[in-house]
Structures are given as structure tokens and as C-alpha cells.
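Please read the structure below before turning to the comments.
Residue numbers (the numbering used here): 6 to 583.
This is the structure in C-alpha cells:
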């Protein structure tokens, strides 16, 4: 049938042209809506700019046809042959192409959104910048396909064969790629947020700079894959294979790598902060300069792994063998301002073989500061506050104080693993400077610390305190009795003025315990000075008063029944009365 006869019959209202032969015909720009061309021979036909929406094209042959800018929305092209056809910028939205042959076809910038391509053959197809959002591509053959910068948002590619395909810059957000074959596929810079790649075969895949945030890759095989610089935040790699994969500088924050196999993987400078590494195999892996901040290592296999220069700030490890790792030093703290790890440990040498295995968080959390003279407690309190301010995440609590011949040992507990030697030196250096400033300009320091209200004046108010009825303490001579009382009163008051209830209850109680241990009984003094100091500050600082009442509600039973706890509760009772 020639072109004109065909068009005349269509204009006359005929729609059934099944098995017609229009090969080579020029039908550019024609309107053939709702036509039935089932089984038609349209080889080499020119249908560019034609309109064939809602047509029946089952089994039709469009080999090497010119279908540029054609409209085929909601058309049925199941089992059709479009191999080698040019469908550049074609509109195929909601069309069905089940088991269609599109090998070597050109669909640059074509729109196949919501199209059903189940079981179709698309080997070496060109879909550059095409739209396949919500398309059904289950079991499709896409070997060596060009999907560069294509949009496949929420597309279903379950068991699709994408071996050696090009998906650079493609958008696969929320796409389903379970058990898909992506061997040697190029996904450089691709968007795969929340995509499901469970069980996918991704041998030697390229995912450099790709975004896989919250993607699911459980049981996927990414062995020897290149993921350098990829974003893998909160991604799931449960039971995944990443043998000898390149994960250098990747972001694996809060990712789940439980039971994953990363033997020999390159994780140098990777960020594994908060990652779950339960039963993970990291043997022979390169973790040099990696961030393991708050990571969870449970039964993790690190045999032969390289950890030199990694940051282990607040990491959690259980049943982890560290005796056979390669590690010269680690960083125990992270500076969130500069985004860099700090506090090299050991500070002045390298680890001996297996030494890290013998280090425990308790050993490195406890800092011992050596004083050659009895410390000024007021200066010491301000020193610890200053050190904490230099490291916003750091919290220091005094654990104990010990007197030795010609030496006084202060033990301070940090809230995370620190370089105890460096921090002890920092505390001592800062203390000496702070003590000098307090002695010279005590009033100015109080103003700088927002403590402009005068501290309880021990030199005046102690005259009103009656001498204790108890015998003089055995370690203190009578001539020094009054001076001792004044000094202790001043130190206690400075602590009360500089700390909140949850801290000063502990700090003052430890001071009282130390004094009692050394035979210094100060019952009358501690009752009057402490209670008066608390009440005085509460009356002048409404926020402190609120914190005081909050402490009474949240304090542990041990704190409440301690001497200091009872004194605080007595002060609270006085405030209620007023």
C-alpha cells in the first residue's frame, strides 16, 4: 500500500491496518492517533514529529526508523522491534514496551516516564539524558547502555542487566535495583539516595563521588569497586562484599556495615563516624587517617589492618582484638571547629607492636596532675573551666587528691579518651598562669567570669563563727588553726560561686572527704559557710536558684544522703521559707 492510499483510508475513518507494509514511507508529522498497526512492517519509515498516541503497535517492526520527536504516549508496543531506530526526544510516557527489542536504538532526551519495559532488550541503547522516572525495567537487558545523566527516579530495575552500562551523573533516587547486574558499570557522580541495591552484583563498579545516602546495599557484591569520595551516609551494607574495594575518603557516617566483608579494602581518610561494624571483616584493610568517631566495633576483625593516624574519639569496641594491627599512633580527640583530629597518642613516640591492644579507655580518660606545692583550689577550679572552654566537648571531673612526700597528685576524669600526658601538662601550665592572675587581679577575674557579686568574705565573716568544740586536728598546729579555716572557707566559696549544683556537690564533697581523711574536722564551718554561700548565690542569681531546685528533683540517692547533699537540701529549705 502506498503512502497516499494509506493516509486517505485513515482520513476516511479506517483504523485497522494490522500487518500493513509501509517500509521506507515518509510519514513525517502525520497524526495517526488510535490507529492499529499490529504486526506492521515499518522498517526505515520516517515518522518524525508524528502523533501516534494510544495506538496498537504490538509486534510492529520499526528497525532503523526515524522516530525523532514522535508522540507515542499510552501506546502498546509490546514485542515490537525498534532496534537501531532513532527516537531522539520521543514522547513514550505511559507506553508499554514489554519484551520489545530496542537494541542500538537512540533515545537521547526521550521521555519514557511510567513506561513498562519489562523484559525488553536495550543492549547498547543510547538513553543519554532520557527520562525514565517510575519506569518498569524488571529483567531488562541494558548491557553497555548509555544512560549518562538520565533520570530514573523510583524506576524499578529489579534483576536488570546493566553490565558495563554508563550511568555517569544519572539520577536513580529511590530506584529499585535489587539483584541487578551492575558489573563494571560507570556510576560516577550518580544520585542513588535511598536506592535499593540489595543483592546487586557490582563487581568493579565505579561509584566515585556518587551519592548513596540512606541507600540499601545489603548482600550486594562491590568487590574491587571504586567508591572514592562517595557519600554513604546512613547507607546499609549488611553482609555486603567490599573485598579490596576503594573507599578512600568516603563518607560512611552512621552506616551499617554489620557482617560486611571489607578484607583488603582501602578506607584511607574515610569518615566512619557512628558507623556500625558488628562482626565486620576489616582484615588487611587500610584505615590510616580514618575517622572512627563514636563508631561501634563489636567482634570486628581487624587482623593486619592499618590504623595509623585514625581518630578513635569516643569509639565503642567490644571483643575486638587489636594485637595484630599495624598502628604507630592514633588521635583521641576531634576538633569540630577546625574539622580535624587532635591529641596525638602517644604524643612523643610511636606505639610498640601490639601496644594499642593493652590501652583501655579508663587508662587514657584519667589524667594525673602533679603539683610540687599544695594547690590553690580557687585557681584550680577556674583552670579546669578554662581547659573545658578550649575544648567544647570536653568535661572534667575531679576524681581524687593524694598527698605524697614533696608531691601532691590531682586526679581528673575526662568524659572521653584523651592524651593524658598532654592534658596534664596543659592543666598545670594553665594553673600556674591562673594562680598568678588571681593573686594579682582577683576582682577583675571575677568580673570577667560574670562573678562580680563579692564572694562570701571569709576574713570578716569567719569572726562570727564560733571555734569548733572538737579538739584541734592532729595534723594542724593551734597557731595555724584559724588560717586553715579561713583558707578552706575561701576555697569552698569559690567552688560554690563557679560551679552549678550537680558539679559543686561532687567537688566540695571530695574536698570535705579529703580533709576528714587527714583528721581535719570542720563540721561547724562547713555548715555555716556552705549553707550561707548557697543561699546567698540563689538570692542573687534566679537561674542558679532554678538549677538548685532541679538538682533536688534529679539527684541520685547517694548524692542526696551525702554530707554535701544534706547541706544543699537544708539551704533549699531555707530558700523555701523565704
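Where is the CB? At the ideal position from N, CA and C, for every residue including glycine.
Requested in this report: Counting only the same chain and skipping the five closest in sequence on each side, list residues whose C-beta sits under 6 angstroms from that of residue 75.
Outcome: Looking up residue 75 in the chain shown gives position 70. Once the five neighbours on either side are set aside, the close Cβ partners of residue 75 are 52, 55, 95.
Report task. May I have the straight-line CA-CA distance separating residue 336 from residue 347, to the nearest angstrom? Result -> What you label residue 336 is simply residue 331 of the chain shown in a count that begins at 1. What you label residue 347 is simply residue 342 of the chain shown in a count that begins at 1. Their Cα atoms are separated by approximately 6 angstroms.
Query raised in the report: Using the C-alpha atoms, what's the distance from residue 410 back to residue 340?
Result: What you label residue 340 is simply residue 335 of the chain shown in a count that begins at 1. What you label residue 410 is simply residue 405 of the chain shown in a count that begins at 1. One C-alpha to the other measures close to 38 angstroms.
Report task. Closer than 8 angstroms by C-beta to residue 230: which residues in its own chain qualify, once you throw out the five before and the five after it? Chain order, please. Result -> Translated into positions along the chain shown, residue 230 becomes position 225. Only 207, 208, 209, 210, 211, 212, 247, 250, 251 meet the Cβ criterion.
Query raised in the report: Measuring CB to CB, does residue 298 end up less than 8 angstroms from residue 312?
Result: Translated into the one-based positions of the chain shown, residue 298 becomes position 293. Translated into the one-based positions of the chain shown, residue 312 becomes position 307. Contact flag unset, no.
Query raised in the report: CA-CA distance, residue 469 and residue 493?
Result: In the chain shown, the residue the question calls residue 469 occupies position 464. In the chain shown, the residue the question calls residue 493 occupies position 488. Here the model assigns residue 469 a pLDDT of 40, short of 50, so the residue's position is not dependable, and the following value carries that caveat. If you take the alpha carbons of residue 469 and residue 493, they lie about 16 angstroms apart.
Query raised in the report: In the structure shown, what three-state DSSP assignment does residue 388 receive?
Result: Translated into the one-based positions of the chain shown, residue 388 becomes position 383. Helix.
Report task. Would you mind sorting residue 545 into buried or exposed? The rule is 16 or more other CB atoms within 10 Å of its CB. Result -> For the purposes of this step, residue 545 is identified with residue 540 of the chain shown, where counting begins at 1. Flag for residue 545 reads exposed.
Report task. For the alpha helix (DSSP H) holding residue 432, just list the boundary residues, first then last. Result -> The residue you call residue 432 lines up with position 427 of the chain shown. Start and end: 425 to 445.
Requested in this report: Report back the beta-carbon spacing between residue 193 and residue 159 to the nearest angstrom; my notes put them in contact at under 8 angstroms.
Outcome: Taking the chain shown and counting its residues from 1, one reaches residue 193 at position 188. Taking the chain shown and counting its residues from 1, one reaches residue 159 at position 154. Not really, about 22 angstroms apart at Cβ, beyond 8 angstroms.
Query - residue 168 (DSSP reduced to helix, strand or coil) - result: Within the chain shown, numbered from 1, the residue matching residue 168 stands at position 163. Note: residue 168 maps to coil in three-state DSSP.
Report task. Please list, in chain order, all residues of the same chain as residue 511 whose beta carbon is under 7 angstroms from its beta carbon, the five residues on each side excluded. Result -> To locate residue 511, count along the chain shown from 1; it is residue 506. Excluding sequence neighbours, residue 511 sits near 402.
Query - residue 373 - containing beta strand (DSSP E), residue span - result: Along the chain shown, read from residue 1 onward, the residue named residue 373 stands at position 368. Unbroken beta strand (DSSP E) run through residue 373: 371 to 376.
Query raised in the report: Is residue 101 closer than 8 angstroms to residue 117 when the C-beta atoms are compared?
Result: Numbered from its first residue, the chain shown carries residue 117 at position 112. Numbered from its first residue, the chain shown carries residue 101 at position 96. No. Outside cutoff.
Query raised in the report: From residue 226 to residue 87, what does the alpha carbon distance come to, in whole angstroms?
Result: As a position in the chain shown, residue 226 is number 221, starting the count at 1. As a position in the chain shown, residue 87 is number 82, starting the count at 1. Their Cα atoms are separated by approximately 33 angstroms.
Requested in this report: Kindly provide the ranges of any beta strand (DSSP E) runs that are 3 or more residues long and lie completely inside the stretch 222 to 300, ordered along the chain.
Outcome: 281 to 283
Requested in this report: State buried or exposed for residue 480, treating a residue as buried only when at least 16 other CB atoms are found within 10 Å of its CB.
Outcome: For the purposes of this step, residue 480 is taken as the residue at position 475 of the chain shown. With a pLDDT of 41 at residue 480, under the threshold of 50, the modelled position of that residue is not reliable, and no figure is offered here.
Query - Rounded C-alpha distance that separates residue 565 from residue 491 - result: As a first step, residue 565 must be located in the chain shown, where it is residue number 560. As a first step, residue 491 must be located in the chain shown, where it is residue number 486. The straight-line gap from Cα to Cα measures roughly 27 angstroms.
Query raised in the report: Taking the alpha-carbon positions, what's the residue 504 to residue 572 distance?
Result: What you label residue 504 is simply residue 499 of the chain shown in a count that begins at 1. What you label residue 572 is simply residue 567 of the chain shown in a count that begins at 1. Residue 504 and residue 572 have their C-alpha atoms some 16 angstroms from each other.
**Report entry** Beta carbon of residue 386 nearer than 8 angstroms to that of residue 535
**Finding:** As a working mapping, residue 386 is identified with position 381 in the chain shown. As a working mapping, residue 535 is identified with position 530 in the chain shown. No, the Cβ-Cβ distance between residue 386 and residue 535 is not below 8 angstroms.
Query raised in the report: Grouping DSSP H, G and I as helix and E and B as strand, with all else coil, what is residue 408?
Result: As a position in the chain shown, residue 408 is number 403, starting the count at 1. Strand, per DSSP.
**Report entry** Rounded separation between residue 471 and residue 569 - CA only
**Finding:** Stepping through the chain shown from its first residue, residue 471 is reached at position 466. Stepping through the chain shown from its first residue, residue 569 is reached at position 564. Caution applies to residue 471, whose pLDDT of 38 falls short of 50 and renders its modelled position unreliable; the model cannot decide the point.
**Report entry** Same chain only: Cβ atoms within 8 angstroms of residue 25, ignoring 5 sequence neighbours per side
**Finding:** Along the chain shown, one-based indexing puts residue 25 at 20. These residues qualify, in order along the chain: 6, 11, 42, 45, 46.
Query raised in the report: In this structure, does DSSP put residue 84 in helix, strand or coil?
Result: Here the question's residue 84 lines up with position 79 in the chain shown. Residue state, collapsed to three classes: coil.
Query raised in the report: The alpha helix (DSSP H) spanning residue 552 covers which residue range?
Result: Numbered from 1 along the chain shown, position 547 holds the residue referred to as residue 552. Secondary structure note for residue 552: its alpha helix (DSSP H) is the uninterrupted segment 547 to 559.
Requested in this report: Throw me the rounded Cβ distance for the residue 495 and residue 383 pair, which I believe falls under 8 angstroms.
Outcome: Residue numbering aside, residue 495 sits at position 490 when the chain shown is read from its first letter. Residue numbering aside, residue 383 sits at position 378 when the chain shown is read from its first letter. Indeed they touch by this definition, with Cβ atoms about 7 angstroms apart.
Query - Euclidean distance between Cα positions of residue 91 and residue 221 - result: The residue you call residue 91 lines up with position 86 of the chain shown. The residue you call residue 221 lines up with position 216 of the chain shown. Whole-angstrom Cα-Cα distance: 36 angstroms.
Report task. Would you kindly report the start and end of the unbroken alpha helix (DSSP H) that includes residue 508? Result -> Here residue 508 is taken as the residue at index 503 of the chain shown, counted from 1. Boundaries of the alpha helix (DSSP H) harbouring residue 508: 506 to 522, taken from the DSSP string.
Query raised in the report: For residue 563, which three-state DSSP category applies?
Result: Indexing the chain shown from 1 puts residue 563 at position 558. Three-state result, residue 563: helix.
Query raised in the report: If you draw a straight line from the alpha carbon of residue 406 to that of residue 315, how long is it in whole angstroms?
Result: Here residue 406 refers to the residue found at position 401 of the chain shown. Here residue 315 refers to the residue found at position 310 of the chain shown. Looking at the two C-alpha atoms, the distance is approximately 34 angstroms.
Query raised in the report: Between the stretch 270 to 278 and the stretch 288 to 297, do three or more beta carbon pairs fall short of 8 angstroms?
Result: They touch, by the three-pair rule.
Query raised in the report: Since residue 339 is in the beta strand (DSSP E), which residue starts that stretch and which ends it?
Result: Counted from its first residue, the chain shown places residue 339 at position 334. 335 to 340 is the span of the beta strand (DSSP E), which, as asked, contains residue 339.
Report task. Could you tell me which of 563, 266, 22, 28 sits nearest to residue 71, measuring between CA atoms? Result -> Taking the chain shown and counting its residues from 1, one reaches residue 71 at position 66. That would be 28, whose Cα lies nearest to the Cα of residue 71.
Report task. Return the chain-ordered list of same chain residues with a C-beta closer than 6 angstroms to the C-beta of residue 184, the five sequence neighbours on each side being excluded. Result -> Here residue 184 corresponds to residue number 179 of the chain shown, with the count starting at 1. Here the set comprises 164, 204.
Report task. Would you list the residues sitting across from residue 156 in a DSSP beta bridge? Result -> As a working mapping, residue 156 is identified with position 151 in the chain shown. Paired residue(s): 136, 176.
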